[in-house]
Amino acid sequence: MAMPSSSLARGSVALIGLGFAVVAFLATNMLVDRKATGLRLDLTQEKLFTLSPGTRNLLARIDEPVTLRLYLSERLTREIPSYGVYAARVRELLEEYRAASKGRVRLQVIDPQPFSDDEDRAVATGIQGVPVNQSGEQVYFGIAASGAGDKEAVIPFLQPERERFLEYDITKLVFDLVTTKKKTVGLLTTLPLQGQFMGPRNPPQPWAIHDQLAQFFDLQRIDRDAATIPETVGVLLVVHPRDLPQQTLYAIDQFVLRGGRALVFVDPHAEGEMGRPGPAAQTGQTGSDMPELLKSWGVELVPGKIAGDRQAARRVSAGDAQRVRAVDYLAWMALRESALTKSDVLLADAQAINMASAGILKPVSGSGVEVTPLIQTSTQSQEIDVEKVKFAPDPVALLTAFKPSGERYMLAARLRGPAKSAFPDGPPKPEAKEGEEQPPKPDLPPHRAQSADRINVIVVADTDMLEDRFWAQVQEFFGQRLAVPIANNGDFVLNALDHLAGSDDLISLRSRGQSSRPFEVMLDIQRQAELAFRAKERELTEKLKATEAKLKELRTKEQGEGAARALVTANQQQAIDQFQAEMLETRRQLRDVQFELRRDIQALETRIRAVNIGAIPAAIGLFAIGLGLWRLHRRRAGVARAAAG
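When we follow our numbering, the leftmost residue of the sequence shown carries the number 1, and every step to the right adds one.
#1: Taking only three categories from DSSP, how would you classify Glu561?
#2: Counting only the same chain and skipping the five closest in sequence on each side, list residues whose C-beta sits under 8 Å from that of Arg106.
#3: Measure the C-alpha to C-alpha separation of Ser52 and Val364 and round it to an integer number of angstroms.
#4: First and last residue of the beta strand (DSSP E) that includes Ile384?
#5: What would DSSP say about Gln450, mapped onto helix, strand or coil?
#6: Can you list, in chain order, the residues of its chain whose CB lies under 7 Å from that of Asp289, leaving out five sequence neighbours each side?
#7: Using only the alpha-carbon positions, how far apart do Leu632 and Ala610 sit?
#8: Mind the definition here: the region 467-475 touches the region 242-256 only if three or more C-beta pairs lie below 8 Å; say whether that holds.
#9: Just to confirm before moving on: does the CB-CB distance between Ala226 and Gln247 stay below 9 Å?
#10: Tell me the DSSP secondary structure of Tyr250 in three-state form.
#11: Does Glu407 come out as helix, strand or coil in the three-state DSSP assignment?
#12: At the level of alpha carbons, what is the spacing between Lys102 and Ile143?
#13: Determine, using beta-carbon pairs with one atom in the region 301-310 and one in the region 331-342, whether at least three such pairs fall under 8 Å.
#14: Quick one: what's Ser146 bridged to in DSSP?
#15: Is the beta carbon of Ala339 less than 9 Å from the beta carbon of Thr377?
#16: Between Glu292 and Gln380, what straight-line distance do the alpha-carbon atoms span, to the nearest angstrom?
#17: Start and end of the beta strand (DSSP E) containing Gly308?
#18: DSSP beta-bridge partners for Gln282?
#19: Taking the alpha-carbon of Arg276 as reference, which of Asp344, Leu399, Lys305, Thr190 has the nearest alpha-carbon?
#20: Does Gly638 pass the burial test, meaning 16 or more other C-beta atoms within 10 Å, or should it be called exposed?
#21: Going straight from the alpha carbon of Ile229 to that of Gly186, what length do you get?
#22: Distance check for Thr50 and Ala60, CA to CA, integer angstroms please.
#23: How about the region 486-495 and the region 206-218: do they share at least three Cβ pairs that are nearer than 8 Å?
#24: Using only CA atoms, which one of Arg641, Gly502, Ala624, Trp630 lies nearest to Leu58?
#25: Do Glu337 and Ala350 count as a contact pair if the criterion is CB distance below 9 Å?
#26: Use the C-beta contact count for Lys172: other C-beta atoms within 10 angstroms, 16 or more gives buried, fewer gives exposed.
#27: Thinking C-beta only, is Leu249 closer than 9 Å to Ile222?
#28: Count the other CB atoms within 10 Å of the CB of Asp344; is the residue buried (16 or more) or exposed (fewer)?
#29: How many angstroms separate the CA atom of Leu411 from the CA atom of Leu213?
#30: Mapping DSSP to helix, strand and coil, what is Glu300?
#31: Just how far apart, CA to CA, sit Leu177 and Lys151?
#32: For Gln215, does the three-state DSSP call read helix, strand or coil?
#33: Pull up the distance between the alpha-carbon of Glu387 and that of Gly287, whole angstroms please.
#34: Name the DSSP beta bridge partners of Pro485, please?
#35: Looking only at C-alpha atoms, which of Ser73, Ala148, Glu383, Pro160 sits nearest to Pro131?
#36: State the Cα-Cα distance for the pair Ile384 and Lys305, rounded to the nearest angstrom.
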């Protein structure tokens, strides 16, 4: 039977409409790809691909164009899938930088082939090559940035372990590129960081930390009786502020409240002072503190106490000339990764921080300042009276009397938030120097009673960590002094100053999440099965010990010859047979546990594949079928109404 012409017309119209829909879809995608590249939707839980406000503010202030060159070897992403995932994350984030800068940031992605000009440029720029096979072929994964003039900056290799700080690293790269002036750090210290004069034949030798700081910053010395901090100083480094006059404390207070950043080292007992000539070595007055200022910033140094950590204690030689032995000295701590806040960029790459007779910082309630611990002891710690470590410390006695408190003591902290002045009544009266009747009144800026914005201060309760002997081995090499680090103390100080010397936008950046997300349900199944597996292992070990004890008991009871020896031997053989049977049964149970582990994981993987491969397309298909049936029903209802009319 022939199909009515109206049905043919409707079919033709449907096909033509479908064709137009496909063309419109392709045209829309091409238009969006060309004209709407800046339109993005970040659906990740932690907004991994959304730039922070601090980064956007920095990009908005760029005057000259900046070019970012991502050197990425395609072979690396192909042969190591984890790097392929991370590389996609890096490229997406760099695209965000380009889009947010409105043309001020240019992006180039380069695959440096072996022995090519691109590879030569990458190596010359400072990009680090990594061998990918035994033949020595190099692969590259780094960023080189260039701006106006010849200034360049580089990230030699992008480590997936630093993914949490990816935005910070890239933003800092751009910030260092557009910042032309060398950063000035004001140094206010009562310790001989520049070296101590020991006579004309012994020139002063600067501390290794001072040499490192001088390489990266313009150090400006601040007198201990300074009435103001120069405006050229952006970051103030205060080390061991012992017996500072009130006018200097007021200068530090006002500097921080006006927006200056500070890195402060205080100490209840500076051990180095006991070994240097001076009144401190005789009286034992080796501590330093700024109680009024610290409290106004949100923390306080526990007076007369140091922290002792059994878990982090360093081994020292103790005893007398007749008997020397190695013992853990609670006051000297090698603080490993568990004691360091790895989520903070200052300590992200640190492996160990060495401290000696470190003080304890505690937050001040109601200050309104955010106190973030940077370095803490373990729970195997206790407070120790500082008098016990001053003149003749006894490591053995300290260890014998040790009783853990179960608390983690804060040794270093980052302070951010609104703060009030430690001098609410204004500047203190100037102190007269020796020989002066009336001290001159200094010319001071207007008094600030509270901070204009959030303060940025880092406080460390130890100064000994800066001394060479606690973190570096200084060697002479062809007339030059080289410091070989044994801990990350120097890295921490440099990172802290470099971080504080950055812009407010750079300081505001925090660690982000990671793009690679683990299968938590699967890992939970593995952990549960692992617990069961370990329980069976313990059971097997206990059975083994019990059998060995039984055999030992039988051997001790062995006496005489003949029937008695045969009886013992039979008992032994029976125990051995029983043990072997238990071994076989336990091994079978272990195999069952492993089989259950694999079966649960395989079942979960099968369900995930079924959902990804079958369920989602099936749901889309069912939706399309339902939509088609609904439209057919509406069409038939319309035809019926037209026929009835």
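Backbone N, C-alpha and C fix where the C-beta goes; we use that ideal spot for every residue, glycine too.
In this text, all values refer to a predicted model and were calculated from it rather than measured experimentally.
The short version:
#1: For Glu561, the pLDDT reaches just 47, beneath the cut-off of 50, and the residue's location in the model is therefore unreliable, although a value from the coordinates is still provided. Three-state DSSP puts Glu561 in coil, outside helix and strand.
#2: Pro65, Val66, Thr67, Leu68, Arg98.
#3: So the alpha carbons of these two residues sit roughly 30 Å apart.
#4: Per DSSP, Ile384 belongs to the beta strand (DSSP E) from 381-385.
#5: Note: Gln450 maps to strand in three-state DSSP.
#6: Excluding the 5 residues flanking it on each side, Asp289 has same chain C-beta neighbours closer than 7 Å at Val266, Leu301, in chain order.
#7: Straight-line Cα distance between these residues: approximately 31 Å.
#8: Taking 8 Å as the limit for Cβ pairs, the verdict is that the region 242-256 does not touch the region 467-475.
#9: Contact: yes.
#10: Collapsing the DSSP output to three states places Tyr250 in a helix.
#11: Shown here, Glu407 sits in coil according to DSSP, grouped into three states, outside any helix or strand.
#12: Rounded to whole angstroms, Lys102 to Ile143 spans 20 Å at the Cα level.
#13: Judged by Cβ distances under 8 Å, the region 301-310 makes contact with the region 331-342, as three or more pairs qualify.
#14: Answer is Thr67, Glu152.
#15: Yes.
#16: The straight-line gap from Cα to Cα measures roughly 31 Å.
#17: Unbroken beta strand (DSSP E) run through Gly308: 305-309.
#18: The partner list for Gln282 (beta bridge, DSSP) is empty, contrary to what the question assumes.
#19: Out of Asp344, Leu399, Lys305, Thr190, Thr190 has the C-alpha closest to the C-alpha of Arg276.
#20: Counting Cβ neighbours within 10 Å, Gly638 comes out exposed, since fewer than 16 surround it.
#21: Linking Ile229 to Gly186 through their CA atoms gives a straight-line distance of about 8 Å.
#22: CA-CA distance, Ala60 to Thr50, rounds to 16 Å.
#23: With a cut-off of 8 Å, the region 206-218 and the region 486-495 count as touching, because enough Cβ pairs lie within range.
#24: Nearest Cα to Leu58 within the set Arg641, Gly502, Ala624, Trp630: Gly502.
#25: Yes.
#26: Its Cβ being crowded by 16 or more others within 10 Å, Lys172 is buried.
#27: Not closer than 9 Å, so no.
#28: Buried is the label assigned to Asp344, since at least 16 other Cβ atoms lie within 10 Å of its Cβ.
#29: Looking at the two C-alpha atoms, the distance is approximately 22 Å.
#30: The answer is strand: DSSP assigns Glu300 an E or B state.
#31: Near 7 Å, if we compare the C-alpha coordinates of Lys151 and Leu177.
#32: Here Gln215 carries a helix assignment [DSSP, helix/strand/coil].
#33: Linking Glu387 to Gly287 through their CA atoms gives a straight-line distance of about 11 Å.
#34: Bridge partners of Pro485: Ala472.
#35: Among Ser73, Ala148, Glu383, Pro160, the Cα nearest to that of Pro131 is on Ser73.
#36: So the two alpha carbons sit approximately 5 Å from each other.
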